[in-house]
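Peer 1: Okay, here's the structure, questions in a sec.
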Amino acid sequence: MSTSLGAILAAANATVSEQQNAGDDLPFNYVPTGWVGIMFLALFGITTGGHLLQALIFRTMYMIPTLVLCGVGELLGWAGRYWGHVNPHNGDAFMMQITTTIIAPSFMTAAMFLILPKIINELGMEYSRMPPRLYSIIFISADVTALVIQAVGGAMASIADTPDGAEQGGRIMLAGIVIQLVAVILYTILGIEFVARFSIDRPARSAVLGERRKHSGWVGVPHGLIWMLVGLAIATVFIIIRSIYRTIELTDGWNGTIISTEKWFNWFDGAPIVIAMFAFNVFHPGYFLRNLESENRLPVSQTSSSERVEMTRV
């Protein structure tokens, strides 16, 4: 992973000589650097192929429509950027990369929204502000909404015949990005609160009789679950960084300074997403959560009973 990170940082700091000769008439407002595009295509190809193999080996099939699909979207996006290097005046290459690289991370956040409830089920639902299954329902619903809005905005921008039409599509895409950012931040706050409450044994809710287990702190927690939390935290941080960048980028407009500066895209979009993808390769739920089927764990059929708990006054 360190080798990949070094390559990413090298790309992020690359000077783009072609950009100096680019005019305002170019869709990207610069000529994308060819070798940077090839490098990210290779990195996303490796991590996406790895996720597909891991999903099949560990039988975590939910990773295919989430992380694998995210990787496919990023591959299409970076193919579009390399296409823009080969043919800088091609508007289709620009729209291909802008649409797919904006939409693709939505599939990764869906995986994040599925993994945290599994951890909550294991550590204790009483430390969570809401039942685990609601995390998936609420946040994936928000994720799908953001995805649809981004797709609609991308489609409108790609078929627009006027600058005003493209700007309108961009504003719609921005709305989708903001929804996704708000959802991820709220999810992060709830996740941090859960970990903090578990650490100090301060439940957010009263457990139904027979559901509360003896609290032994992090000492009794399986190491795999702790490492899964680490991987989830790494991915979440980089997703937030990327979402903030995209929000600023689209707010600045199609011809703004942000979208017209290639190194910022490499730093704050390409690098964060590929790091998050590799983080899930290293901290894969199929490996680190595979041995959590213990007698102490609540059966799935009983989890709905947690909805009958009352909020504890804190």
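The C-terminal position of the sequence shown is numbered 314 in UniProt numbering, with every residue numbered one higher than the one before it.
Glycine included, every Cβ here is placed at the ideal spot set by N, Cα and C.
Can we say the segment 182-200 touches the segment 250-260, given the rule of at least three CB pairs closer than 8 Å?
Peer 2: Verdict: no, contact absent.
Peer 1: Take W218 as the anchor and find which of G124, I149 and G153 has the nearest alpha-carbon.
Peer 2: The residue given as residue 218 occupies position 218 in the sequence shown. Among G124, I149 and G153, the Cα nearest to that of W218 is on G124.
Peer 1: State the Cα-Cα distance for the pair Y127 and G165, rounded to the nearest angstrom.
Peer 2: Within the sequence shown, residue 127 is the residue found at index 127, counting from 1. Within the sequence shown, residue 165 is the residue found at index 165, counting from 1. Straight-line Cα distance between these residues: approximately 48 Å.
Peer 1: Tell me whether the segment 141-153 and the segment 171-178 touch, counting them as touching only if at least three CB pairs, one residue from each stretch, are closer than 8 Å.
Peer 2: yes
Peer 1: Roughly how many whole angstroms lie between the Cα atoms of G71 and D269?
Peer 2: As a first step, residue 71 must be located in the sequence shown, where it is residue number 71. As a first step, residue 269 must be located in the sequence shown, where it is residue number 269. Those two C-alpha atoms are separated by around 13 Å.
Peer 1: Taking the alpha carbon of R133 as the reference point, which residue from K118, T48, R246 and D143 has its own alpha carbon closest?
Peer 2: Sequence index remark: in the sequence shown, residue 133 carries index 133 (1-based). Taking only the C-alpha atoms, the option nearest R133 is K118.
Peer 1: For V203, count the other beta carbons within 10 Å of its own beta carbon; 16 or more makes it buried, fewer makes it exposed. Which is it?
Peer 2: The residue given as residue 203 occupies position 203 in the sequence shown. Checking the sequence, you will find Pro at residue 203 rather than Val. Looking at its Cβ environment, which holds 16 or more other Cβ atoms inside 10 Å, P203 is buried.
Peer 1: Going by beta-carbon coordinates alone, are Y187 and L114 separated by less than 8 Å?
Peer 2: In the sequence shown, residue 187 corresponds to position 187, counting from 1. In the sequence shown, residue 114 corresponds to position 114, counting from 1. In this structure, L114 does not lie closer than 8 Å to Y187 by Cβ.
Peer 1: Could you tell me if N87 is buried or exposed, where buried requires 16 or more neighbouring beta carbons within 10 angstroms of its beta carbon?
Peer 2: As a working mapping, residue 87 is identified with position 87 in the sequence shown. That one is exposed.
Peer 1: Where T109 and D161 are concerned, what is the direct C-alpha to C-alpha distance, given to the nearest angstrom?
Peer 2: Here residue 109 is taken as the residue at index 109 of the sequence shown, counted from 1. Here residue 161 is taken as the residue at index 161 of the sequence shown, counted from 1. Using only the alpha carbons, I get a separation of about 33 Å.
Peer 1: Going straight from the alpha carbon of A235 to that of I177, what length do you get?
Peer 2: Your numbering for residue 235 matches position 235 in the sequence shown. Your numbering for residue 177 matches position 177 in the sequence shown. In a straight line, the C-alpha of A235 is about 17 Å away from that of I177.
Peer 1: Hey, could you find the ends of the alpha helix (DSSP H) I140 is sitting in?
Peer 2: Translated into positions along the sequence shown, residue 140 becomes position 140. Segment P132 to I159, the alpha helix (DSSP H) holding I140.
Peer 1: Secondary structure at W254, three-state DSSP: helix, strand or coil?
Peer 2: Position 254 of the sequence shown, counted from the first residue, corresponds to residue 254. Coil.
Peer 1: Find the nearest neighbour of G154 within the set E249, I103 and I120, judged by alpha-carbon distance.
Peer 2: Against the sequence shown, residue 154 aligns to sequence position 154. Closest option to G154, Cα to Cα, is I103.
Peer 1: Can you give me the start and stop residues for the alpha helix (DSSP H) that N29 sits inside?
Peer 2: Here residue 29 corresponds to residue number 29 of the sequence shown, with the count starting at 1. Run containing N29: none; DSSP gives neither H nor E here.
Peer 1: Rounding to the nearest angstrom, what Cα-Cα distance links residue 354 and I200 in this structure?
Peer 2: The requested residue 354 is not part of the displayed model; the chain covers only 1 to 314.
Peer 1: Cα separation between I275 and H89?
Peer 2: Indexing the sequence shown from 1 puts residue 275 at position 275. Indexing the sequence shown from 1 puts residue 89 at position 89. So the two alpha carbons sit approximately 30 Å from each other.
Peer 1: Report back the beta-carbon spacing between M228 and F278 to the nearest angstrom; my notes put them in contact at under 8 Å.
Peer 2: As a position in the sequence shown, residue 228 is number 228, starting the count at 1. As a position in the sequence shown, residue 278 is number 278, starting the count at 1. That pair is no contact at about 15 Å.
Peer 1: Considering S199, what are the terminal residues of the alpha helix (DSSP H) in which it resides?
Peer 2: In the sequence shown, the residue the question calls residue 199 occupies position 199. From DSSP, the alpha helix (DSSP H) with S199 extends over P163 to I200.
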